[in-house]
Structure formats: C-alpha cells, structure tokens
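Below you'll find the structure, written out as structure tokens, and then a few comments.
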Amino acid sequence: MTASMSFRRDGAWCWFRTISRKRPKRSSRRSRKRSRRRDEMRWRSLDEVLRFAIRREADDAAFYRLASDRSKAGTKEAFLELAREEEGHRRKLEAIDLKKLDEIEIKEASGLGIGESIEEVQFDSEMTYGDLLRMAIKNEEKARQLYSATAQIVDDPSLKKLLLLLAQEEAAHKEKLEKRYDEDILTEF
Numbered sequence: 562m563t564a565s566m567s568f569r570r571d572g573a574w575c576w577f578r579t580i581s582r583k584r585p586k587r588s589s590r591r592s593r594k595r596s597r598r599r600d601e602m603r604w605r606s607l608d609e610v611l612r613f614a615i616r617r618e619a620d621d622a623a624f625y626r627l628a629s630d631r632s633k634a635g636t637k638e639a640f641l642e643l644a645r646e647e648e649g650h651r652r653k654l655e656a657i658d659l660k661k662l663d664e665i666e667i668k669e670a671s672g673l674g675i676g677e678s679i680e681e682v683q684f685d686s687e688m689t690y691g692d693l694l695r696m697a698i699k700n701e702e703k704a705r706q707l708y709s710a711t712a713q714i715v716d717d718p719s720l721k722k723l724l725l726l727l728a729q730e731e732a733a734h735k736e737k738l739e740k741r742y743d744e745d746i747l748t749e750f
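Everything in the sequence shown is counted per my numbering, starting at 562 for the first residue and increasing by one.
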C-alpha cells in the first residue's frame with residue numbers, strides 16, 4: 562500500500578492509499594494481518610523516505626501557487642509566500658546528507674497548540690487570510706502525524722531517526738505558522 566497526496570475537486574489536499582499489488586482471492590486472517598503489516602512498512606530505505614518528503618514539499622508549494630492563481634487579491638501574496646517557504650523546505654531536505662544523519666540532533670518543537678484547537682478549512686477562492694493560515698497549519702500537522710506514526714512502526718534505527726527528523730521539521734513549520742496566526746489573526750480580537 563502506498564500513501565499519496567491528491568488534489569480533490571474542492572481544492573483540498575488529501576492523503577489516500579492505493580494498493581500496489583493484487584490481493585489474493587482468499588486469505589486467512591493471519592495472512593491479511595501480515596500483508597497489512599508489510600504494506601505499512603513501504604518505506605524500506607532512507608532515500609525513499611527523503612524522496613517522499615521532498616516530493617511532498619514540492620507538491621505543497623505547487624498547491625499554494627495554484628491556490629494563489631485562484632484566490633482573491635488579499636490572499637494571493639500570502640499563498641505565494643507559503644509557496645516560497647515550501648520551496649525553501651524542499652531545498653533544505655535536498656541538502657540533508659544521509660551519511661551524517663547520526664550527527665543531526667532532534668529537538669522537540671513545542672508549538673502554541675493552535676493547530677489542535679482549530680477546525681480544518683477547505684480551499685475556497687474567497688477564503689480569508691485567517692482561513693489560509695488555518696489550512697496551512699492543519700496541513701503541517703497532518704504531515705507531522707504521518708512521519709511520527711510511521712517512525713513508531715519501523716524497526717531500522719536510521720529510518721526511525723530520519724522520520725523523527727522530518728516530523729520535527731513539520732512541527733517547526735507548524736509552530737512558525739501558529740505564531741503568524743497568533744500575531745496576525747488572534748491579536749485582532
């Protein structure tokens with residue numbers, strides 16, 4: 562099973578799973594459980610994980626550029642700024658030297674807790690700047706959860722460390738967006 566990101570008709574990014582091989586016609590409960598476990602372990606190498614993360618950042622940047630083309634003037638520049646930030650994240654991931662992964666220290670990003678208390682927002686061409694930030698915060702939170710959850714089920718220590726590093730990066734991005742949301746939106750009230 563592979564995890565992929567897709568652009569839905571309503572404009573939101575969503576994760577979906579596709580089956581990369583045919584399922585047997587009849588299978589026992591044990592073999593289904595085994596195959597499910599095998600499917601969850603799709604990322605078998607550090608390169609695969611890193612390529613996925615780089616592709617995800619590029620996809621996010623493309624989404625924000627597309628959203629800027631379809632949005633009103635007030636949020637157009639904000640979408641472009643988010644696209645530039647995602648491109649910066651992509652370049653940072655491309656610069657990671659997997660041979661020096663052991664030297665990289667993983668720090669815990671605290672965040673402001675805003676992402677946990679806001680509702681998910683779907684893309685709309687008439688969305689406000691606050692809606693845009695809420696959508697971006699939720700996207701970063703979903704990515705962090707994906708990497709953290711996957712790190713819990715892998716056995717390879719290097720792979721686990723890379724996944725935790727990616728989760729840390731997404732948490733840092735989310736924290737930055739939460740601070741922006743706190744300063745620009747919440748302080749207005």
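Where is the CB? At the ideal position from N, CA and C, for every residue including glycine.
Predicted model only: the values in this text are computed from it and were never measured.
Check: Can you find the residues in the same chain that come closer than 6 angstroms, C-beta to C-beta, to SER629, ignoring five residues on each side of it along the sequence?; Outcome: LYS637, PHE640, LEU641
Check: When burial is assigned at 16 or more other CB atoms within 10 Å of the CB, is GLU731 buried or exposed?; Outcome: buried
Check: Taking all protein chains shown into account, do 16 or more other C-beta atoms lie within 10 angstroms of the C-beta of GLN706, making it buried, or fewer, making it exposed?; Outcome: exposed
Check: Three or more C-beta pairs closer than 8 angstroms, one from the stretch 692-703 and one from the stretch 654-663: is that the case here?; Outcome: no
Check: By Cβ distance, which residues of its chain are closer than 8 angstroms to ILE615, with the 5 residues on each side in sequence left out?; Outcome: ARG651, LEU654, GLU655
Check: Are GLU739 and ILE714 closer than 8 angstroms when you measure CB to CB?; Outcome: no
Check: Applying the 10 Å Cβ sphere with the 16-neighbour rule, what's the burial state of THR794?; Outcome: Residue numbering for the chain in the displayed model covers 562 to 750; residue 794 lies beyond these limits and cannot be assessed.
Check: Can you tell me the Cβ-Cβ gap for LYS737 and SER686, rounded? I've got them flagged as a contact below 8 angstroms.; Outcome: LYS737 to SER686, Cβ: 25 angstroms. No contact.
Check: Report the residue from LEU662, ALA619, LEU643 whose alpha carbon sits nearest the alpha carbon of ASP608.; Outcome: LEU662
Check: Under 8 angstroms by Cβ, that's how I've got PHE667 and LEU723 pegged, so tell me the actual separation to the nearest angstrom.; Outcome: This sequence places Ile at residue 667; Phe is not what is there. Actually they do not touch by this definition, with Cβ atoms about 10 angstroms apart.
Check: Do you know how far the Cα of GLU744 is from the Cα of PRO718?; Outcome: 39 angstroms
Check: To test your reading of the DSSP string, which unbroken alpha helix (DSSP H) runs of 4 or more residues are found completely within the stretch 710-739?; Outcome: none
Check: Need the endpoints of the alpha helix (DSSP H) that LEU641 sits in, please.; Outcome: 634-655
Check: When DSSP labels each residue in this structure, what does GLN683 get in the three-state scheme?; Outcome: coil
Check: Going by DSSP in three states, LYS703 sits in which element: helix, strand or coil?; Outcome: helix
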